[in-house]
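Just so we're aligned, residue 3 is where the sequence shown starts under the working numbering, counting upward by one.
The C-beta atom is built at its ideal place from N, Cα and C for all residues, glycine as well.
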Amino acid sequence: MIKTSIPASMFDASLVRPALWAAITKLSPRVQWRNPVMFIVYIGSILTTLLWLHALGFEGDGGMPPGFVLAVSVWLWFTVLFANFAEALAEGRSKAQAASLRGLRKDTWAKKLTQPFHGATFLPEQAPNLRRGDVVLVETGDVIPLDGEVIEGVASVDESAITGESAPVVRESGGDFSAVTGGTRVLSDWLVVRIAVNPGESFLDRMIGMVEAAKRQKTPNEIALTILLVALTLVFLVVTATLLPFSQFSVSAAGAGTVVSLTALVALLVCLIPTTIGGLLSAVGVAGMSRMMQANVIATSGRAVEAAGDVDVLLLDKTGTITHGNRQASAFLTAPGVSQAKLARAAVLASLADETPEGRSIVELARRGGVDDKGVEGAHFVPFTAQTRMSGVNLPPAPNSLDADAIVLRKGAVDAVRRHVEALGGTVPGALLQAADQVARRGSTPLAVAEGARVLGIVELKDIVKTGIKDRFAELRRMGIKTVMITGDNKLTAAAIAAEAGVDDFLAEATPEDKLALIRRYQAEGRLVAMTGDGTNDAPALAQADVAVAMGSGTQAAKEAGNMVDLDSNPTKLLEVVETGKALLMTRGSLTTFSIANDVAKYFAIIPAIFVSTYPQLGALNLMRLASPSSAILSAVIFNALVIVFLIPLALKGVRYRPVGAAALLRRNLAIYGLGGLVVPFIGIKFIDWLLVAAGLV
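So, in structure tokens, the structure goes:
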């Protein structure tokens, strides 16, 4: 995890003090108009303040004494301030995270390459002067100046400043572990790095920008909810505005009673519009991104966090996510007439250009068996790629051999090697195909090794499904989320692992094009898709996915394609990302339900208080038996302000995530926050009324 100095408690003094000041500075009209619901409260606060000043020199507002008008005005201002405080507290946490990240930024000197790196000279250059495409040398003890790709060398790198993990990681040219991050330190050996970004565009700079609450854009769901809240506010505004002429007409026609005061009407409007969710809506969104950051995942926007909550298809890599990922070579299974030594030596030579853990494990297994793991002079190596799913080597003809052709060795997926052999005019023995099927049915992965048009045998790779992963997938299934395992294994191996892990579907022998096509197919069905990736070959699929979590240890292309970056480089983090997104949506929905439901109690408190003098029969609606009209109005206004404060912890921490279906979630939401929104205000308003009467304030 990133090492930050963010206080553990949301009400820590270092966060509260700046938030209190920010709540006051946010009283600027230029800030308030961005939240239409709270802007109405803001206008109401100004209006009641003016009515209080007017009441000081006259008889009051509609018979209401100046003290009462002042009390209503003060609590309306508190309502605005409490909403500002909630937003400022959420922003303060994000700003604290950004400040901690800025402390990781270091302006350092770099050794810039002046010509191609073989025999090159390096000149000192300050990191801010480097540009994309520049090549630098970093040696033991040096700080990597900016993000880049390793093009030469192998070194251990301390990335604890970014990931919080104390164990160094190996960075080397080629493969999926060639990306380096600015601000990390080389512990041993050396690297030649091609700078991939300009100053101000580094991963650390983007992280800082991502967590700055001030730059957070509203998400589509948040915009839609804001439109709903504005519509409700306009409806209540029109209704409230018509009550004054209605009251004037009623009093004139009856010849008795008192015209409703402007102060009472403003109080009624503020209590009826959805101020609770209106005041907390922005804080919920900011806190959602902050919670994602606490999970060590950087989201490019609130849109990505929200999309995670709506995801209904998860694409998960088998290796490292569903299985432990340490798939290792365990056995050499020879074809008829082929010796173990010949198969092992051929597998070693074909794997020397394979930088994957599997390729290295084949070399290590052969070495333990006493097989020579050295290369051959004049050999032309063919590296492993996701497209060919093979690696190999073309060897020069053996000395004194009558055959002048090169010796072609290939190792890879059985179907890929089979096509290669058949293209050369050979065939795969049926016994060998049966052996591969048996390996696959055991849940292991078979790799074929070929020499020219002849298959020499099978290498068995073993991996283990993670404990508890099946239960996690069952939880996702109950939530209506489909899980799809992505693997380069053949269909038999994929089916065995899929059945053991409990996923809903799988894509075997997957190429980058297959992943992209699968995502597009699900999206064409109207589904939201999430996936993880770390390699350059994952970039097209990551760019297409609705929620794309790139590994922090992955390539620069993967990071740029994704809309989230997992600093822990843990593929299973995708499950946590979805849970955090779900929690964000649940929190917003719960607060909205509570806010709309508690208007019922305010209705029973204020409507009888306003019109009881004109229509004494309305006294029957005073279900809470509030002491007087003024205490009823003031109690409702006070409760309306204080409820925002009491709900701040819920808005910032979020509703606890529960892996249940949408119907069960709706029932639970209505039972807790709908029923709670009806009952709690009755209790709260009555309690405040009792306190006001006991204190002799009304």
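Cα-Cα separation, residue i to residue j
{"i": "residue 140", "j": "residue 195", "result": "8 Å"}
{"i": "residue 482", "j": "residue 339", "result": "53 Å"}
{"i": "residue 560", "j": "residue 583", "result": "22 Å"}
{"i": "residue 300", "j": "residue 568", "result": "6 Å"}
{"i": "residue 287", "j": "residue 617", "result": "44 Å"}
{"i": "residue 607", "j": "residue 542", "result": "58 Å"}
{"i": "residue 143", "j": "residue 124", "result": "17 Å"}
{"i": "residue 604", "j": "residue 279", "result": "16 Å"}
{"i": "residue 672", "j": "residue 185", "result": "49 Å"}
{"i": "residue 2", "j": "residue 478", "result": "As displayed, the chain neither begins before 3 nor continues past 700, which places residue 2 out of reach and without an answer."}
{"i": "residue 563", "j": "residue 368", "result": "38 Å"}
{"i": "residue 419", "j": "residue 497", "result": "21 Å"}
{"i": "residue 549", "j": "residue 503", "result": "23 Å"}
{"i": "residue 587", "j": "residue 311", "result": "6 Å"}
{"i": "residue 29", "j": "residue 640", "result": "19 Å"}
{"i": "residue 297", "j": "residue 365", "result": "37 Å"}
{"i": "residue 35", "j": "residue 285", "result": "16 Å"}
{"i": "residue 302", "j": "residue 623", "result": "51 Å"}
{"i": "residue 493", "j": "residue 470", "result": "24 Å"}
{"i": "residue 129", "j": "residue 115", "result": "13 Å"}
{"i": "residue 688", "j": "residue 610", "result": "15 Å"}
{"i": "residue 127", "j": "residue 544", "result": "35 Å"}
{"i": "residue 467", "j": "residue 686", "result": "53 Å"}
{"i": "residue 397", "j": "residue 391", "result": "20 Å"}
Residues bridged to residue i [DSSP beta-bridge criterion]
{"i": "residue 32", "result": "Note: residue 32 sits in no beta bridge, so no partner."}
{"i": "residue 701", "result": "Residue 701 falls outside the range modelled here, since the chain spans only 3 to 700, and no answer is possible."}
{"i": "residue 335", "result": "460"}
{"i": "residue 173", "result": "157"}
{"i": "residue 16", "result": "Paired residues: none, contrary to the question."}
{"i": "residue 389", "result": "None, per the DSSP bridge assignment."}
{"i": "residue 201", "result": "Per DSSP, none; premise fails for residue 201."}
{"i": "residue 113", "result": "126 and 139"}
{"i": "residue 484", "result": "315"}
{"i": "residue 412", "result": "394 and 452"}
{"i": "residue 330", "result": "464"}
{"i": "residue 41", "result": "Looking at the DSSP assignment, residue 41 forms no beta bridge with any residue, so it has no partner."}
{"i": "residue 552", "result": "535 and 567"}
{"i": "residue 187", "result": "145 and 160"}
{"i": "residue 509", "result": "488"}
{"i": "residue 151", "result": "181 and 196"}
{"i": "residue 383", "result": "395"}
With 16 other Cβ atoms within 10 Å as the buried cut-off, status of residue i
{"i": "residue 341", "result": "exposed"}
{"i": "residue 250", "result": "exposed"}
{"i": "residue 522", "result": "exposed"}
{"i": "residue 547", "result": "buried"}
{"i": "residue 699", "result": "exposed"}
{"i": "residue 394", "result": "buried"}
{"i": "residue 31", "result": "exposed"}
{"i": "residue 147", "result": "buried"}
{"i": "residue 446", "result": "buried"}
{"i": "residue 2", "result": "With the chain covering only 3 through 700, there is no way to say anything about residue 2."}
{"i": "residue 473", "result": "exposed"}
{"i": "residue 23", "result": "exposed"}
{"i": "residue 272", "result": "buried"}
{"i": "residue 379", "result": "exposed"}
{"i": "residue 429", "result": "exposed"}
{"i": "residue 321", "result": "buried"}
{"i": "residue 540", "result": "buried"}
{"i": "residue 694", "result": "buried"}
{"i": "residue 263", "result": "buried"}
{"i": "residue 207", "result": "buried"}
{"i": "residue 374", "result": "exposed"}
{"i": "residue 488", "result": "buried"}
Contact belief for residue i with residue j at Cβ below 8 Å, rounded distance in angstroms
{"i": "residue 435", "j": "residue 351", "result": "The pair is not a contact, with the Cβ atoms about 23 Å apart (cut-off 8 Å)."}
{"i": "residue 289", "j": "residue 638", "result": "That pair is no contact at about 28 Å."}
{"i": "residue 189", "j": "residue 158", "result": "5 Å"}
{"i": "residue 291", "j": "residue 313", "result": "Not really, about 17 Å apart at Cβ, beyond 8 Å."}
Any contact of the stretch 353–369 with the stretch 385–392, i.e. 3+ C-beta pairs under 8 Å? Cβ pair count under 8 Å is three or more, so yes.
Between the stretch 452–470 and the stretch 328–335, can you find at least three pairs of beta-carbon atoms closer than 8 Å? Yes, the stretch 328–335 touches the stretch 452–470.
Taking contact to mean at least 3 C-beta pairs separated by less than 8 Å, is the stretch 653–668 in contact with the stretch 579–597? They touch, by the three-pair rule.
Check whether the stretch 36–50 and the stretch 74–81 are in contact - that is, three or more C-beta pairs closer than 8 Å. Taking 8 Å as the limit for Cβ pairs, the verdict is that the stretch 74–81 does touch the stretch 36–50.
Any contact between the stretch 525–535 and the stretch 498–515? By contact I mean 3 or more CB pairs, one from each, below 8 Å. Too few Cβ pairs lie closer than 8 Å, so no.
Touch test, the stretch 34–43 against the stretch 81–91, Cβ-Cβ under 8 Å, three pairs minimum: Under the 8 Å Cβ criterion, the stretch 34–43 counts as touching the stretch 81–91, having at least three qualifying pairs.
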